[in-house]
Amino acid sequence: MSYQANLRVWRGDDDGGALQEFTVEANEGEVVLDVIHRLQQTQAGDLAVRWNCKAGKCGSCSAEINGMPRLMCMTRMSTFDPSETITVTPLRTFPVIRDLVTDVSFNYEKAREIPSFTPPKELQPGEYRMQQVDVNRSQEFRKCIECFLCQNVCHVMRDHEENKKAFAGPRYFIRTAELEMHPLDQADRRDLAQDEAGLGLCNITKCCTEVCPENIKITDNAIIPMKERVAGHRYDPLVWLGNKLFRRP
Ligand code: SF4
Ligand code: SF4
Ligand code: FES
Numbered sequence: 001m002s003y004q005a006n007l008r009v010w011r012g013d014d015d016g017g018a019l020q021e022f023t024v025e026a027n028e029g030e031v032v033l034d035v036i037h038r039l040q041q042t043q044a045g046d047l048a049v050r051w052n053c054k055a056g057k058c059g060s061c062s063a064e065i066n067g068m069p070r071l072m073c074m075t076r077m078s079t080f081d082p083s084e085t086i087t088v089t090p091l092r093t094f095p096v097i098r099d100l101v102t103d104v105s106f107n108y109e110k111a112r113e114i115p116s117f118t119p120p121k122e123l124q125p126g127e128y129r130m131q132q133v134d135v136n137r138s139q140e141f142r143k144c145i146e147c148f149l150c151q152n153v154c155h156v157m158r159d160h161e162e163n164k165k166a167f168a169g170p171r172y173f174i175r176t177a178e179l180e181m182h183p184l185d186q187a188d189r190r191d192l193a194q195d196e197a198g199l200g201l202c203n204i205t206k207c208c209t210e211v212c213p214e215n216i217k218i219t220d221n222a223i224i225p226m227k228e229r230v231a232g233h234r235y236d237p238l239v240w241l242g243n244k245l246f247r248r249p
């Protein structure tokens, strides 16, 4: 089945822009990215859109479709009624470069602030041994494709540009949790998570979990355990005493 889809696409740059209406052919089995590409081929040759794999694995085609943060390559046109107008806009939390392309470098800056994996010094590559149960725990977090949809939807940054300095966002809470839960890791990132990355600003609304295309349970499996670890480390008197007496070298 082929039909004419009604699209409303945001066009502009960091100086401003507007939604523009288009009618574009759509065919059975297509996704929003196919129709955006057809629009680019037939009517708007200079439309800027970022994509790479078209398989939900590179994380580059993130946008807002009818206001919902989604991957364009994983959003089937059949999700919408053929008579419906589909609105495609760039991620709101990051500065627009042009049309549907945003500057997500904020995320790479936050990534660099997290100390990397720190195994014991005497352990050589090849000597790392982990139990399967420990592997399973961090495996979920390793599925992240860095689409930044969770970062985009988080109201702490989405509605408050001023929070960006002191808030790393859900993608980096799972990175911190992954390293904290690694049995061979020696670094302690709990103070950093709380004081520098703004873990305390998260009020567990779970919006990040809802939009994650990899179905990572960001809030339940990473953020809440990290909050518990911080609370235990800072406020549990027995843990405090234990830390004083048996401080890790
Ligand atoms: S659960 Fe926390 S990190 Fe996730 S969207 Fe809500 S406030 Fe942001
Ligand atoms: S955690 Fe999920 S939503 Fe966030 S960047 Fe990774 S894959 Fe995307
Ligand atoms: S094009 Fe790679 S995730 Fe969509």
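Reading the sequence shown from the start, the letters are residues 1 to 249 in full-length UniProt numbering. We put the beta carbon where it would ideally sit given N, CA and C, even for glycine.
Can you list the alpha helix (DSSP H) stretches of 4 or more residues lying completely in the segment 140-202, in chain order?
Qualifying alpha helix (DSSP H) stretches, in chain order: 149-153, 155-158 and 170-180.
Whose C-beta lies closer than 7 Å to the C-beta of P249 among residues of the same chain, with five residues either side of it excluded?
In the sequence shown, residue 249 corresponds to position 249, counting from 1. Caution is warranted here: a pLDDT of 46 is assigned to P249, below 50, making its placement in the model unreliable, and the coordinate value is therefore given only provisionally. Within the same chain, no Cβ atom closer than 7 Å to the Cβ of P249 is found once the five residues on either side in sequence are excluded.
Less than 7 Å between the CB of K165 and some heavy atom of ligand 1, yes or no?
Indexing the sequence shown from 1 puts residue 165 at position 165. No, the Cβ of K165 stays beyond 7 Å of every heavy atom of ligand 1.
Would you give the residue range spanned by the alpha helix (DSSP H) that V49 belongs to?
Within the sequence shown, the letter at position 49 stands for residue 49. V49 -> no alpha helix (DSSP H), and no H or E assigned at all.
Leaving aside the five residues before and after C144 along the sequence, list all residues of the same chain whose C-beta is less than 6 Å from its C-beta, in chain order.
Within the sequence shown, residue 144 is the residue found at index 144, counting from 1. The beta carbon of C144 sits closer than 6 Å to no other beta carbon from its chain once the five residues preceding and following it are set aside.
Distance, Cα to Cα, D99 vs L47?
Locating residue 99 in the sequence shown gives position 99, counting from the first residue. Locating residue 47 in the sequence shown gives position 47, counting from the first residue. Each residue's alpha carbon lies about 6 Å from the other.
In chain order, each beta strand (DSSP E) run of at least 3 residues that lies wholly inside the UniProt domain "2Fe-2S ferredoxin-type" (5-92):
Within the UniProt domain "2Fe-2S ferredoxin-type" (5-92), complete beta strand (DSSP E) segments of at least 3 residues are found at 16-27, 62-65, 68-71 and 85-89, given in chain order.
Can you list, in chain order, the residues of its chain with a C-beta nearer than 6 Å to that of L59? Leave out the 5 residues immediately preceding and following it.
The residue you call residue 59 lines up with position 59 of the sequence shown. At residue 59 the sequence reads Gly, which differs from the Leu that was named. Within its own chain, the residues whose Cβ lies closer than 6 Å to the Cβ of G59, once the five positions on either side in sequence are excluded, are I145, E146 and C147, listed in chain order.
Should P183 be labelled buried (16 or more other beta-carbon atoms within 10 Å of its own) or exposed?
For this step, residue 183 is matched to residue 183 along the sequence shown. Exposed.
Based on the DSSP secondary-structure assignment, which residues constitute the bridge partners of Y3?
Taking the sequence shown and counting its residues from 1, one reaches residue 3 at position 3. Answer is A26.
Can you tell me whether R70 sits near ligand 2, meaning its C-beta is under 7 Å from at least one heavy atom of the ligand?
Working through the sequence shown from its first residue, we reach residue 70 at position 70. Answer for R70: no, Cβ out of range of ligand 2.
Mapping the DSSP letters down to three states, classify R129 as helix, strand or coil.
Indexing the sequence shown from 1 puts residue 129 at position 129. In the structure shown, R129 sits in coil (DSSP, three-state: anything other than H, G, I, E or B).
Using alpha carbons as the reference points, say which of E113, I97, L123 and K217 lies closest to G16.
Walking along the sequence shown from the start, residue 16 turns up at place 16. The option with the nearest alpha carbon to G16 is I97.
Whole-number beta carbon distance between L39 and L19, since they are thought to touch under 8 Å
Translated into positions along the sequence shown, residue 19 becomes position 19. Translated into positions along the sequence shown, residue 39 becomes position 39. Cβ atoms of L19 and L39 stay farther apart than 8 Å, at about 13 Å.
Return yes when the C-beta of R212 is under 7 Å from any heavy atom of ligand 3, and no when it is not.
Residue mapping note: residue 212 aligns to position 212 of the sequence shown, counting from 1. Before going further, note that residue 212 is Cys rather than Arg in the sequence given. No, ligand 3 has no heavy atom inside 7 Å of this Cβ.
Give the straight-line distance between the Cα atoms of C207 and C154, rounded to the nearest whole angstrom.
On the sequence shown, position 207 is the one that residue 207 refers to. On the sequence shown, position 154 is the one that residue 154 refers to. Roughly 7 Å between the two C-alpha positions.
Within 8 Å, strictly: CB atoms of V32 and V88:
Mapped onto the sequence shown, residue 32 falls at position 32. Mapped onto the sequence shown, residue 88 falls at position 88. Yes.
Assuming A63 and M72 are in contact, meaning their beta carbons sit under 8 Å apart, how far apart are those beta carbons, in whole angstroms?
The residue you call residue 63 lines up with position 63 of the sequence shown. The residue you call residue 72 lines up with position 72 of the sequence shown. With 8 Å as the limit, A63 and M72 qualify as a contact, their Cβ atoms being about 5 Å apart.
Looking at L192 and F167, is the spacing between their C-beta atoms short of 8 Å?
As a working note, residue 167 is residue 167 in the sequence shown. As a working note, residue 192 is residue 192 in the sequence shown. 8 Å or more divides the Cβ of F167 from the Cβ of L192.
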